[in-house]
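*Asks:*
Residue numbers (my numbering): 124 to 443.
Okay, here's the thing in structure tokens:
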């Protein structure tokens, strides 16, 4: 794989910069979402209302030139809205398939925790298998396919917690956070009533992204780095405060995300820092704390800090 010319790096960097036109001061978060796309994964975006979750997902669709659909997940959304359904055509005397919202490249599942767990689970097959099944017939989804699900933090009226099985399907989880005072002032002065998405144009194509997906899998991972990933993920299951730790799927996701971050950085090989940067995004939502430890204030981030301090870093350095 030859990326020394910087062609892939420049294209991906331009895509991130294009998305940044709509989302001020969130380049790190945008990069993590691009990592998930290149890793063939899905993204959970969590925060309070009004922090730009939906705008971010919409800007990604525009900048990548991919087919994009948005669904507002309300209590009356059904599984067939997601997967599609068969409709009887009187003229042909046959049932015809009508595709659902999942038949796209990027699906924005807006406020996914406002719909019931039963409907949330309808996304599982599409997210894991890249297909949907309706009345016994399986339909392949377009490639690439990524779900970006936004949710408001629990405690807001009308929210339902995502089940553990679905949380594990999300490759990364990010929080938008409030902008700084300077960034918020820039938002006010730049917008002046204009839609922030108006300036975002496609700088990438589906064909290019498909190629980059293949290149991601070719990025070299040293055995020592692979062992570090396995040891780190395994240690989350043994922590005394943890009820349920990260699964083997998390190990695969972490390795794939490290490869994607390396590619975005213009490298053909993973360095330890690629792994450490992605650890909180890939693992925090997969760690479930015991109730008695939650009461004490223990969080997944605390667990990750403990594990980081206890696992030998590849090729020396870091820890602490």
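All residues carry an ideal CB built from backbone N, CA and C; glycine is no exception.
Applying the criterion that 16 or more other CB atoms from any shown protein chain within 10 Å of the CB defines a buried residue, is residue 130 buried or exposed?
*Replies:* By the 10 Å Cβ count, residue 130 comes out exposed.
*Asks:* Chain B beta carbons: is any one of them nearer than 8 Å to that of residue 265?
*Replies:* Absent here is chain B; the protein component of the structure consists of one chain.
*Asks:* By DSSP, does residue 165 sit in helix, in strand, or in coil?
*Replies:* Residue 165 falls in the coil class under three-state DSSP.
*Asks:* Which word fits residue 275, buried or exposed, when buried means at least 16 other C-beta atoms lie within 10 angstroms of its C-beta?
*Replies:* It counts as buried.
*Asks:* I think residue 396 touches residue 407, with their Cβ atoms under 8 Å apart; what is that distance to the nearest whole Å?
*Replies:* That belief does not hold up - the Cβ atoms of residue 396 and residue 407 are roughly 18 Å apart, past 8 Å.
*Asks:* Which whole-angstrom value is the C-beta distance of residue 291 and residue 370, which I expect to be below 8 Å?
*Replies:* Correct: roughly 6 Å between the Cβ atoms.
*Asks:* I'd like the ranges of any beta strand (DSSP E) spanning at least 3 consecutive residues and lying wholly in the region 168-195.
*Replies:* Correct list: 191-195.
*Asks:* Assuming residue 195 and residue 244 are in contact, meaning their beta carbons sit under 8 Å apart, how far apart are those beta carbons, in whole angstroms?
*Replies:* Not a contact, Cβ separation roughly 18 Å.
*Asks:* Are the Cβ atoms of residue 298 and residue 204 separated by less than 8 Å?
*Replies:* Cβ distance not < 8 Å, so residue 298 and residue 204 don't count as in contact.
*Asks:* Which runs of the beta strand (DSSP E), 3 residues or longer, sit entirely within the region 205-260?
*Replies:* 207-212, 217-222, 229-233 and 254-257, all fully within the region 205-260.
*Asks:* Which residues does DSSP pair with residue 263 in a beta bridge?
*Replies:* BP columns for residue 263 point to 254.
*Asks:* How many angstroms separate the CA atom of residue 343 from the CA atom of residue 258?
*Replies:* Rounded to the nearest angstrom, the two C-alpha atoms are 42 Å apart.
*Asks:* Return the CA-CA distance between residue 360 and residue 404, expressed in angstroms with no decimal places.
*Replies:* Cα-Cα distance, rounded: 17 Å.
*Asks:* How about residue 402 and residue 368: are their beta carbons less than 8 Å apart?
*Replies:* In this structure, residue 368 does not lie closer than 8 Å to residue 402 by Cβ.
*Asks:* Excluding sequence positions up to five away, which residues of its chain have a Cβ less than 8 Å from the Cβ of residue 303?
*Replies:* 148.
*Asks:* Alpha carbon to alpha carbon, how far is residue 260 from residue 247? Give it in angstroms, no decimals.
*Replies:* Answer to the nearest angstrom: the Cα atoms are 17 Å apart.
*Asks:* By how many angstroms is the C-alpha of residue 155 removed from the C-alpha of residue 223?
*Replies:* Residue 223 and residue 155: Cα-Cα distance of roughly 28 Å.
*Asks:* Could you tell me whether the Cβ atoms of residue 182 and residue 320 are closer together than 8 Å?
*Replies:* Result yes, Cβ atoms of residue 182 and residue 320 sit closer than 8 Å.
*Asks:* Nearest by alpha-carbon distance to residue 198: which of 418, 241 and 150 is it?
*Replies:* Of the candidates 418, 241 and 150, the one whose C-alpha sits nearest the C-alpha of residue 198 is 241.
*Asks:* Taking all protein chains shown into account, decide if residue 180 is buried (16 or more other Cβ within 10 angstroms of its Cβ) or exposed.
*Replies:* Looking at its Cβ environment, which holds 16 or more other Cβ atoms inside 10 Å, residue 180 is buried.
*Asks:* Considering only the beta carbon of each residue, do residue 234 and residue 273 sit closer than 8 Å?
*Replies:* Yes, they are a contact pair.
*Asks:* Exposed or buried, what is residue 140 when buried is set at 16 or more other beta-carbons lying within 10 Å of its beta-carbon?
*Replies:* So residue 140 counts as exposed.
*Asks:* Which runs of the beta strand (DSSP E) at least 3 residues long sit entirely within the region 267-351? Give them in chain order.
*Replies:* Qualifying beta strand (DSSP E) stretches, in chain order: 269-275 and 295-298.
*Asks:* Find out if the Cβ-Cβ distance for the pair residue 377, residue 338 is shorter than 8 Å.
*Replies:* No, these two residues do not count as a Cβ contact at 8 Å.
*Asks:* Whole-angstrom Cβ separation of residue 426 and residue 373, contact assumed at under 8 Å?
*Replies:* Rounded, the Cβ-Cβ distance is 13 Å, inconsistent with contact.
*Asks:* Go through its chain and collect everything with a Cβ distance to residue 324's Cβ below 8 Å, but skip five positions before and after it.
*Replies:* If we look at residue 324 and ignore the five residues flanking it on each side, its Cβ neighbours are 141, 185 and 186.
*Asks:* If you measure between the beta carbons of residue 413 and residue 336, is that distance less than 8 Å?
*Replies:* Contact flag unset, no.
*Asks:* Going by alpha carbons, who is nearest to residue 191 out of 230, 349 and 251?
*Replies:* It is 230 whose Cα lies nearest to the Cα of residue 191.
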